[in-house]
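Here the structure comes first, spelled out in C-alpha cells, and everything after it is commentary.
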Amino acid sequence: MTLPWPRFLLPPLVLSLALLVGSMYVFLKGSFHADLGVGRLGEAFTLANYRKLFADSFYLNSLWLTVQLSAVTTLLTIVVGVPVAYVLARMRSRWGPVLLAVIVAASFVTIVIKVLGLNIIFAANGGLNRLLLELGMIAQPLTIAGKVEGVAIGLLYFTLAFIVILLYSVMLTIPRSLEEAAQNLGASRWRMHWRVILPLALPGIIASGLIGFNLCMGAFTSAALIGAGKILTLPVLIQRTVIFDTKYGMGATLAVVLLVTGLAVNLLSILLVSRLNAARGMTA
Amino acid sequence: MAAVMLSGISKRYGDTAAVLPLDLSVRDGEFLTLLGPSGCGKTTTLRMIAGFVAPSTGHIAVAGDDITGLPPQRRNMGMVFQDYSLFPHLTIADNIAFALVERRVPAAQRAQRVKELLELIRLPHIAGRFPSELSGGQQQRVALARALAHTPRVLLMDEPFGALDAKLRETMQEELRAIQTSLRITTIFVTHDQAEAMRMSDRIAVMNQGRIEQLDAPRTVYDLPRTRFVADFVGKINFVDATVVRRCGDGVEVDSLGLRFALAAANTAAAGDRVTLAIRPERLYLAPVDEVAPADALSIEGAIEHIAFLGNVMHTEVRATDGTRLLVESQPADWTVGARLRVRFRPTDASVLTEAA
Amino acid sequence: MNVRGWAGIVAALGLAALAGTAQAQEPRFDGQTLRVATFGGGWDKAVQELIGVEIEKRGGKVVYVTGSPRDNLAKLIASRGNAPFDVIEMDDKTYLDAMQGNLLDKIRLDRIPNKKDLDAADYSDTKVGAWVVQEGMLYLPEKFKEAGIPPPTRYSDLDNPKLAGKVSFADLAAPGTIHILVSMAVDKGGDETKMQPAYAEIKKINAARYWKLGGDAINQLANGDVWVSTLHQGHAAQALDKGLPVAFVHARSGDKVGILRPGWLGIVKGTKVPDAAEFFINAYIEAKAQEGLGVKRGVVPVNAKARDAIAAGNARMKETAILKADQWNKMLRVKMDKVDPDYSEQVNRAVAK
Numbered sequence: 001m002t003l004p005w006p007r008f009l010l011p012p013l014v015l016s017l018a019l020l021v022g023s024m025y026v027f028l029k030g031s032f033h034a035d036l037g038v039g040r041l042g043e044a045f046t047l048a049n050y051r052k053l054f055a056d057s058f059y060l061n062s063l064w065l066t067v068q069l070s071a072v073t074t075l076l077t078i079v080v081g082v083p084v085a086y087v088l089a090r091m092r093s094r095w096g097p098v099l100l101a102v103i104v105a106a107s108f109v110t111i112v113i114k115v116l117g118l119n120i121i122f123a124a125n126g127g128l129n130r131l132l133l134e135l136g137m138i139a140q141p142l143t144i145a146g147k148v149e150g151v152a153i154g155l156l157y158f159t160l161a162f163i164v165i166l167l168y169s170v171m172l173t174i175p176r177s178l179e180e181a182a183q184n185l186g187a188s189r190w191r192m193h194w195r196v197i198l199p200l201a202l203p204g205i206i207a208s209g210l211i212g213f214n215l216c217m218g219a220f221t222s223a224a225l226i227g228a229g230k231i232l233t234l235p236v237l238i239q240r241t242v243i244f245d246t247k248y249g250m251g252a253t254l255a256v257v258l259l260v261t262g263l264a265v266n267l268l269s270i271l272l273v274s275r276l277n278a279a280r281g282m283t284a
Numbered sequence: 285m286a287a288v289m290l291s292g293i294s295k296r297y298g299d300t301a302a303v304l305p306l307d308l309s310v311r312d313g314e315f316l317t318l319l320g321p322s323g324c325g326k327t328t329t330l331r332m333i334a335g336f337v338a339p340s341t342g343h344i345a346v347a348g349d350d351i352t353g354l355p356p357q358r359r360n361m362g363m364v365f366q367d368y369s370l371f372p373h374l375t376i377a378d379n380i381a382f383a384l385v386e387r388r389v390p391a392a393q394r395a396q397r398v399k400e401l402l403e404l405i406r407l408p409h410i411a412g413r414f415p416s417e418l419s420g421g422q423q424q425r426v427a428l429a430r431a432l433a434h435t436p437r438v439l440l441m442d443e444p445f446g447a448l449d450a451k452l453r454e455t456m457q458e459e460l461r462a463i464q465t466s467l468r469i470t471t472i473f474v475t476h477d478q479a480e481a482m483r484m485s486d487r488i489a490v491m492n493q494g495r496i497e498q499l500d501a502p503r504t505v506y507d508l509p510r511t512r513f514v515a516d517f518v519g520k521i522n523f524v525d526a527t528v529v530r531r532c533g534d535g536v537e538v539d540s541l542g543l544r545f546a547l548a549a550a551n552t553a554a555a556g557d558r559v560t561l562a563i564r565p566e567r568l569y570l571a572p573v574d575e576v577a578p579a580d581a582l583s584i585e586g587a588i589e590h591i592a593f594l595g596n597v598m599h600t601e602v603r604a605t606d607g608t609r610l611l612v613e614s615q616p617a618d619w620t621v622g623a624r625l626r627v628r629f630r631p632t633d634a635s636v637l638t639e640a641a
Numbered sequence: 642m643n644v645r646g647w648a649g650i651v652a653a654l655g656l657a658a659l660a661g662t663a664q665a666q667e668p669r670f671d672g673q674t675l676r677v678a679t680f681g682g683g684w685d686k687a688v689q690e691l692i693g694v695e696i697e698k699r700g701g702k703v704v705y706v707t708g709s710p711r712d713n714l715a716k717l718i719a720s721r722g723n724a725p726f727d728v729i730e731m732d733d734k735t736y737l738d739a740m741q742g743n744l745l746d747k748i749r750l751d752r753i754p755n756k757k758d759l760d761a762a763d764y765s766d767t768k769v770g771a772w773v774v775q776e777g778m779l780y781l782p783e784k785f786k787e788a789g790i791p792p793p794t795r796y797s798d799l800d801n802p803k804l805a806g807k808v809s810f811a812d813l814a815a816p817g818t819i820h821i822l823v824s825m826a827v828d829k830g831g832d833e834t835k836m837q838p839a840y841a842e843i844k845k846i847n848a849a850r851y852w853k854l855g856g857d858a859i860n861q862l863a864n865g866d867v868w869v870s871t872l873h874q875g876h877a878a879q880a881l882d883k884g885l886p887v888a889f890v891h892a893r894s895g896d897k898v899g900i901l902r903p904g905w906l907g908i909v910k911g912t913k914v915p916d917a918a919e920f921f922i923n924a925y926i927e928a929k930a931q932e933g934l935g936v937k938r939g940v941v942p943v944n945a946k947a948r949d950a951i952a953a954g955n956a957r958m959k960e961t962a963i964l965k966a967d968q969w970n971k972m973l974r975v976k977m978d979k980v981d982p983d984y985s986e987q988v989n990r991a992v993a994k
C-alpha cells in the first residue's frame, strides 16, 4: 500500500496560505483607509495614503534608497560570494566541508550580534581605527554608524553566508569535466571562467542574487542598528510609522509599495532568466 | 620519431601509487589503447598526457618536444570525455568552434571548419541545436568533432562509449576507426572493454596495478599473452601447470598434462622451472576416445563435467585424467555430461607465461 | 493636669483607636491579579520590590507586561478593548496618544492620598506622575578642551563645525526627543506649537547617530565614537558610576535651566480591578517607594519629600539632578498636548540622508 503522502502536505499548505493571504489581506485593506490616529482607521475607502506617498519626495527617496541599497549590496555580495563559493565547491581538501560548516554556522548568527561585532571593529578607539590612524592612512576614525556605506556593509554581512551557500550548490552542479574540456580546447583559466563557468552559473547567480535582494529589501535590523536613525529605508520607515506614529494605514501603504516593488524586480529577473534559459534550449 | 613518448612517467597520491614508472612510445598515426580494469592507472596516464594530472616523475614528449610542464591549454590536444562534456549553454556549432575561438580563428573560417566537421560526423543539420536536444550517440559524435576542430597533435579518448548501449557502441566504434584512419591522427584510447580494444586498436597496452603488462598488436595480446593477468583479462583461457624439461632453440620442452612437448617461449625459463601454460578454449578440440589425432596434435583423455550451451558455441568443462580442468569452446555437438573423450590441441597454440608459476 | 488635659488624652487615645480600626479595615485584594505594563530590564523587578509587594501583602498578585511604552501602547491598541493590562507606565507622548485613543480610565483622586506630596502639575484625573528624568547633555570635557570648544549649555551649542561627526542625538523612538525639540524651539523664541526653529536646528546639528537606547549612547561616548550626546541625568549617573570621564549639563531653554520629563501612570479603560490599580498608583508615589526607585534606578522622585531625602543622602544624585524646590520650579515643562502633531514626520525629514 502506498501512503497518501501528498495529503500530509495539505495542513502546512492551508496554514501557510491562511497566514500569508490573511496578513496580506489585512495590510492591503488597511492601506486603503485613512489614519485617524492611535491605530484607528477610517471607514471610507480612500487612495489618500497612496496619493500622499507618491506625491512626496520623502517617501519616494526612501523607496529609491531601499532599492538602491539592496541592489548595490546584492551586487557586492555576488562579487564577494561567487569566488568563495567556487573555491569551496572545487576544494578537494578535507578543510572544504569544515569551511562550509563555518559559513553555515555564520548564517545562524543573528544580525544583532553581527552588527555588534561591526560596531566593535569600527569603534573610534577600536583596534582597526587606531591602527589606521597610526599608519597615517586616515585622518579621522572610520565609522559605519549613520552611513549608507555602513548599512551596506551590515547588509552584506547579513546576506553573504546565505548567498555563499546558495552559490556553492550552484557551482556543484557544474561538472568539473566541463572545465577540463575548456582547458583542453585551449582556454586559459580566466577564459574558461568567462566562457563556461560564468554563463552556466548565471541563472543560479541571478536566483541567489534575487534571494539576497529580497533579504536586503526586507532587512530592518541592519538599517535600524547601523543606520543609527539616519538611514531611513522603507522597512525602518514602516516600523516608525506603525510603532511610533501608530499610523497603521500609512504603514500598510508603505509595506504594500515595498512588496510590489520587490515583486516587480523579481518578476523582471525571472523573465530575464527564462529568456536566457530558452536561448540555450533548456526548460525554464 | 614517436608521436607521444612517455619516459619514466609515474603518479603517486600520498602513499598510494596510481601509476608506476612506465615508458610508452606511441607511433605517429597510431591508434593505441590503454586497456585494463578500473584502478589500473589507465585514466591517470591519459590525464597526465592531457595535462590535468602532473606526473610525480618522468617526462612526456610530443613529436620530440617536452610538454611535461605545459598547462593543458597549451598542449594542443583534443580530448573526448567519458560523459562527453559538451557545453550545455552553447549550440553544437559553438561547441565545435570552441577551440577555434580560443585560437582567434576568423569567423568565416570557423564556420567553414564547423561545416566540414559536421559532415565528417554525418550530422550536418544540427549546427543550431543545443546538446540537451541530441541523443547520446549524436552527443558523442559532436564531442569527437569538437576534439578534432583545431587539428590537434594527439586525440585522447577516455572511455568515450561507456554510456552507449551495445548496438550503438559498435556503430560508433566503426565510425571512429574510419574517421581516425582517414585523418591518420595519433589516438590514445582508454577502455576497460577488451572487445572494444581488440576491434579498434593498432596496439593495445594492457595495464594492471599501475604497470603496462603487455604492449602488442591485438592478435598477439590475445594469442600470446605474456602474463596470467593479460591472459585472463583478455577473453577466457585455460591455465595449465608445466615443468621445463630443457631449453631447445627459441623454445622449451615441457612436461605437462602427462605429455611432453616443445613450444615457443619468450622467457628465460630453465630446465626444472615450474611454469604456467595458457591456452584459449577455442584452441582445444573434443574428439572421441578412439579417433586418431593428426600428426601435429597432442591429446589427453578426460570426462565431461559440465556443459553450457551458448547459442553459437558450446562451453564444455573436461576433467583430464591427471586432474586438470579444461574449458573447451566448440561448435554445439551432442556430448553428454559424464562422457569420456579426448581433448586435442596443438603445442603452438599454447603460450608460456613470463611470470613464474 | 486639669480636666481639659484629661479630655485631650482621652480624645487622643480614641483617635488612635479609630486609626487602629481604620488600619484593620484597610483594603484587601484576595484573589485579584493586577497587571502592570512597564519597562523591562530590571525596572519591573524594582517596581515589584518597592510597590508590588504592597498589593501582595494584602492578598493580591501583580504581574508585569514589559516593553517600551510605545510597544505597550501598540499591544493595547491591538487588543481592541480586551486590555492585556490594568495599569500602564507611559512617557508624555504615549500618554497623549492613549488619551487621544480614549484608552484610559478616570482615576478617583480621593483614592490617591499621597498626591499631597506632588506638584499640582504632576497629577490629574487621568494620570499620576511616576517619576521624572531631567534631559541634558553628557559630554567628554577633555575632548572639548582639546578642540577648544566651550562646555555646552544649550542644544544649539551642538551646532558647531568642530563637533561634526561627534554628536549623538536621541532618536525619535527614544522618549525624550520631543522635550529636547521643545527646548530647542523655546530657546529660539518658539514654543510647542511653533517648532520650526527646532526642526531647522536638528537638521543643522546633523548628528552622526541617533540613539534609541541610552546605554548605546553611553557606549558611544565610552568608545570615543562621539564626544557629546543628549542624555538625561540618570544616564549621567550611570556613566559616572562606571568611571567614564564625562560631565553632565542641564540644557537651557531661554531663561529656564533643565528640562523635566515625567513618566506617568494611568489606568486602562475596562480594568476589572480599579481599586487595586488605584492602590498601586498611590503606593507608587509614596515617599519611601519614590526614594527607593530614585536610589535604585536613578530617576528623580516626583514626591517632594523623597527628593529632599535623596538630596540629603545620595551624593551621585545630588551631583547630577536638580532637586531643590526653587530650581525645580524654574525647569522647562513641556505641554505635550500642544506639541505640533506633525513633529515626527518633520523630524524624519530633517534627519534622513
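Residue numbers (the numbering used here), protein chains in the order written: chain L, 1 to 284; chain B, 285 to 641; chain G, 642 to 994.
Quick reminder that beta carbons are idealized off the backbone N, C-alpha and C, glycines included.
All values reported here derive from a predicted model rather than from experimental measurement.
In the three-state DSSP reduction, C324(B) falls in the coil class, being neither helix nor strand. Think of a sphere of 7 Å around the beta carbon of Q140(L): no beta carbon from chain B falls inside it, the nearest being about 48 Å out. Beta-bridge partners of G907(G) (DSSP): I729(G). Comparing alpha-carbon positions, the option among I790(G), S709(G), G907(G) lying closest to G682(G) turns out to be S709(G). At the C-beta level, I819(G) and K937(G) stay beyond 8 Å of one another. Looking at the backbone, the Cα of L799(G) and that of P793(G) are separated by about 7 Å. DSSP places K965(G) in the coil class of the three-state scheme, outside both helix and strand.
Each of S369(B), T375(B), D350(B) was checked against the Cα of N360(B), and the nearest Cα belongs to D350(B).
Under the three-state reduction of DSSP output, R711(G) falls in the helix class. Between the alpha carbons of Y248(L) and T110(L) lies a distance of about 28 Å. The bridge partners DSSP lists for I584(B) are V627(B). For W772(G), the three-state secondary structure derived from DSSP is strand. The Cβ of S208(L) sits no closer than 8 Å to any Cβ of chain B. V980(G) and K768(G) have their C-alpha atoms spaced approximately 18 Å apart. Residues of chain G with a Cβ closer than 7 Å to the Cβ of L133(L) do not exist; the shortest Cβ-Cβ separation is about 11 Å. Secondary structure at K897(G): strand, using DSSP grouped into helix, strand and coil. Annotation for I380(B): V398, L401, A429, R430, A433 place their beta carbon closer than 6 Å to its own, counting only its chain and skipping 5 residues before and after.
Annotation: the stretch 245 to 283 of chain L contains the following complete segments of the alpha helix (DSSP H) (minimum length 4 residues), in chain order: 248 to 279. Judged by DSSP in its simplified three-state form, L232(L) adopts coil rather than helix or strand. Identification of chain G residues near D245(L) by a Cβ-Cβ cut-off of 7 Å yields S985, ordered along the chain. If you draw a straight line from the Cα of A526(B) to the Cα of E566(B), it is about 20 Å long. Sequence-distant Cβ neighbours of D812(G) in its own chain, meaning closer than 8 Å and more than five residues away, are T818, Y851, W852, K853. Rounded to whole angstroms, L568(B) and V490(B) show a C-alpha spacing of 25 Å. Taking a Cβ-Cβ cut-off of 7 Å, the neighbours of G865(G) in chain L comprise A124, N125, given in sequence order. Judged by their CB atoms, I908(G) and I790(G) are not nearer to each other than the 8 Å cut-off. With distances taken between CA atoms, F670(G) lies nearest to E919(G) out of M836(G), E919(G), P903(G).
For T73(L), not one C-beta of chain G is nearer than 8 Å to its own C-beta. If you look at H873(G), you'll find it isn't in any alpha helix (DSSP H); it sits in the beta strand (DSSP E) that goes 869 to 873. P372(B) sits away from S419(B), with the two beta carbons spaced by 8 Å or more. Proximity of L232(L) to chain G, defined by a Cβ-Cβ separation below 8 Å, is satisfied.
Shown here, Q498(B) sits in a strand according to DSSP, grouped into three states. Think of a sphere of 7 Å around the beta carbon of G146(L): the chain G residues whose beta carbon falls inside it are A849, R850, in chain order.
C-alpha of V337(B) to C-alpha of D606(B): approximately 52 Å in a straight line. For E314(B), the three-state secondary structure derived from DSSP is coil.
Assigned with DSSP and collapsed to three states, K702(G) falls in strand.
Not flagged as an interface residue toward chain L: D727(G), since no C-beta distance is shorter than 8 Å.
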